[in-house]
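Taken in order, the sequence shown gives residues 8 to 91; the numbers are from our numbering. Notes follow once the structure below has been shown.
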Amino acid sequence: MARLVRGPPMTNFDILVGAALAAVLAFQVYVTVRVFRSRVYEPKQKVWQAQLVWLLPIIGAGLVFSILQEEDRAHRDASSHLRS
(Lines of atoms letter the chains of each structure in order from A; the text may use other names.)
(Lines give C-alpha, C1' and ligand atoms only; values in the text may rest on other atoms or scores of the structure.)
Protein backbone atom coordinates (compact mmCIF):
# COMPACT_ATOMS: atom_id res chain seq x y z
CA MET A 8 0.00 0.00 0.00
CA ALA A 9 1.34 3.42 -0.96
CA ARG A 10 1.81 5.90 1.83
CA LEU A 11 1.51 9.63 1.19
CA VAL A 12 4.24 11.77 2.66
CA ARG A 13 3.11 15.23 3.51
CA GLY A 14 5.39 18.22 3.65
CA PRO A 15 4.89 21.27 5.79
CA PRO A 16 1.59 23.09 5.24
CA MET A 17 1.52 25.98 2.76
CA THR A 18 1.81 29.39 4.32
CA ASN A 19 0.22 32.61 3.12
CA PHE A 20 3.60 33.59 1.70
CA ASP A 21 3.73 30.40 -0.38
CA ILE A 22 0.27 31.11 -1.75
CA LEU A 23 1.22 34.72 -2.51
CA VAL A 24 4.40 33.69 -4.35
CA GLY A 25 2.48 31.05 -6.30
CA ALA A 26 -0.20 33.56 -7.28
CA ALA A 27 2.45 36.11 -8.35
CA LEU A 28 4.24 33.52 -10.49
CA ALA A 29 0.94 32.46 -12.06
CA ALA A 30 0.13 36.11 -12.84
CA VAL A 31 3.55 36.68 -14.45
CA LEU A 32 3.18 33.49 -16.49
CA ALA A 33 -0.32 34.49 -17.63
CA PHE A 34 0.94 37.95 -18.67
CA GLN A 35 3.84 36.39 -20.60
CA VAL A 36 1.45 34.09 -22.47
CA TYR A 37 -0.96 36.98 -23.18
CA VAL A 38 1.79 39.20 -24.60
CA THR A 39 3.21 36.34 -26.68
CA VAL A 40 -0.21 35.62 -28.21
CA ARG A 41 -0.69 39.32 -28.98
CA VAL A 42 2.71 39.46 -30.69
CA PHE A 43 1.93 36.52 -32.95
CA ARG A 44 -1.54 37.89 -33.79
CA SER A 45 -0.13 41.31 -34.67
CA ARG A 46 -0.27 42.23 -38.35
CA VAL A 47 2.43 44.86 -38.01
CA TYR A 48 5.46 42.59 -37.69
CA GLU A 49 7.09 40.17 -40.06
CA PRO A 50 7.41 36.55 -38.82
CA LYS A 51 11.09 36.99 -37.92
CA GLN A 52 10.29 40.09 -35.84
CA LYS A 53 7.54 38.19 -34.04
CA VAL A 54 10.02 35.48 -33.05
CA TRP A 55 12.49 38.09 -31.78
CA GLN A 56 9.83 39.81 -29.71
CA ALA A 57 8.63 36.50 -28.28
CA GLN A 58 12.22 35.70 -27.32
CA LEU A 59 12.48 39.07 -25.60
CA VAL A 60 9.29 38.33 -23.66
CA TRP A 61 10.52 34.95 -22.42
CA LEU A 62 14.22 35.67 -21.93
CA LEU A 63 13.61 38.84 -19.90
CA PRO A 64 10.40 37.77 -18.16
CA ILE A 65 8.92 40.88 -16.57
CA ILE A 66 10.93 43.62 -18.27
CA GLY A 67 10.73 42.13 -21.78
CA ALA A 68 7.00 41.47 -21.53
CA GLY A 69 6.37 44.98 -20.22
CA LEU A 70 8.43 46.53 -23.02
CA VAL A 71 6.76 44.51 -25.77
CA PHE A 72 3.33 45.16 -24.24
CA SER A 73 3.92 48.93 -24.24
CA ILE A 74 5.05 48.81 -27.88
CA LEU A 75 1.91 46.87 -28.83
CA GLN A 76 -0.23 49.40 -26.95
CA GLU A 77 1.38 52.29 -28.85
CA GLU A 78 0.78 50.53 -32.17
CA ASP A 79 -2.86 49.86 -31.26
CA ARG A 80 -3.31 53.53 -30.36
CA ALA A 81 -1.68 54.68 -33.62
CA HIS A 82 -3.87 52.27 -35.61
CA ARG A 83 -7.03 53.57 -33.90
CA ASP A 84 -6.00 57.18 -34.52
CA ALA A 85 -5.26 56.49 -38.19
CA SER A 86 -8.57 54.69 -38.72
CA SER A 87 -10.50 57.47 -36.96
CA HIS A 88 -8.94 60.05 -39.31
CA LEU A 89 -10.04 57.98 -42.29
CA ARG A 90 -13.66 58.00 -41.08
CA SER A 91 -13.79 61.78 -40.75
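Note that beta-carbon positions come from the ideal geometry of N, C-alpha and C, so glycine has one too. All of these numbers come straight from a predicted model, not from anything done at the bench.
May I ask which residues mark the beginning and end of the alpha helix (DSSP H) holding residue i?
i     : result
Gly25 : 19 to 44
Pro50 : 50 to 62
Am I right that residue i and residue j are in contact with their C-beta atoms under 8 Å? What's the rounded C-beta distance?
i     : j     : result
Gly54 : Thr39 : According to the sequence as given, residue 54 is Val; it is not Gly. Not a contact, Cβ separation roughly 11 Å.
Val31 : Ile65 : 6 Å
Taking 8 Å as the cut-off, does the region 44 to 52 touch the region 14 to 25 (at least 3 CB pairs, one atom from each stretch)?
At 8 Å Cβ cutoff, the stretches do not touch.
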